[in-house]
Amino acid sequence: MKRAVAPHLGTIKMRLTCPFCGERDHQEFTYRGDASAKRPAIENDSIEDHRAYVFDRANPDGDHRELWNHTSGCRMHVVVTRNTTTHKVTGCEPVGPWAKTMKARS
Ligand SMILES: [Zn+2]
């Protein structure tokens with residue numbers, strides 16, 4: 103399986119605020135791909151739907167929801183909302199079972 107490639111940031115210093123660890127340099131994180139891609143249901147036997155899920159990606163200009171893993175920290179996945187033009191981060195949310203728990207606390 104091909105790994106997702108981190109967005110090219112060059113010399114840009116991007117800070118991500120992990121919901122569990124706080125603000126960190128983006129180099130502590132690993133880019134995991136488009137967070138808006140929806141996996142087809144397992145009962146869906148359309149090879150085209152599964153192919154599109156694996157290979158077809160939008161290349162938006164503007165805000166984009168991305169899945170990142172805090173590999174040098176808590177190792178949790180987070181959804182980062184990042185502007186693909188300016189690299190400005192406007193959101194960093196937990197995913198999985200922690201998401202509901204943390205939203206209930208805030
Ligand atoms: Zn973390």
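Heads up, the sequence shown is in my numbering, so the first residue is 103 and it goes up one at a time. Using N, Cα and C, we set each Cβ at its ideal position, and we do this for glycine too.
Three-way DSSP call (helix, strand, coil) for residue i in this model
i    : result
R153 : helix
T132 : strand
T203 : helix
Beta strand (DSSP E) segment containing residue i, residue limits
i    : result
R117 : R117 to C120
V191 : V191 to P196
E125 : G124 to D127
E168 : D165 to N171
Cβ pair residue i, residue j closer than 7 Å
i    : j    : result
V297 : H179 : In the structure displayed, the chain extends from 103 to 208; residue 297 sits before or after that span and is not available.
G193 : T203 : no
R141 : L169 : no
V181 : R159 : no
T113 : N171 : no
> Does the pairing of the stretch 163-171 with the stretch 145-155 give three or more beta-carbon distances under 8 Å?
Replying inline: Segments in contact, no.
>> Contact between the stretch 169-180 and the stretch 114-126 is defined here as three or more beta-carbon pairs at a separation below 8 Å; is this criterion met?
In response: yes
>> Can you tell me which residues fall inside 6 Å of ligand 1, judged by beta-carbon distance to its nearest heavy atom, and keep chain order?
In response: With the criterion CB distance below 6 Å from any heavy atom of ligand 1, the matching residues run C120, F122, C123, H172, G175, C176 and M178 along the chain.
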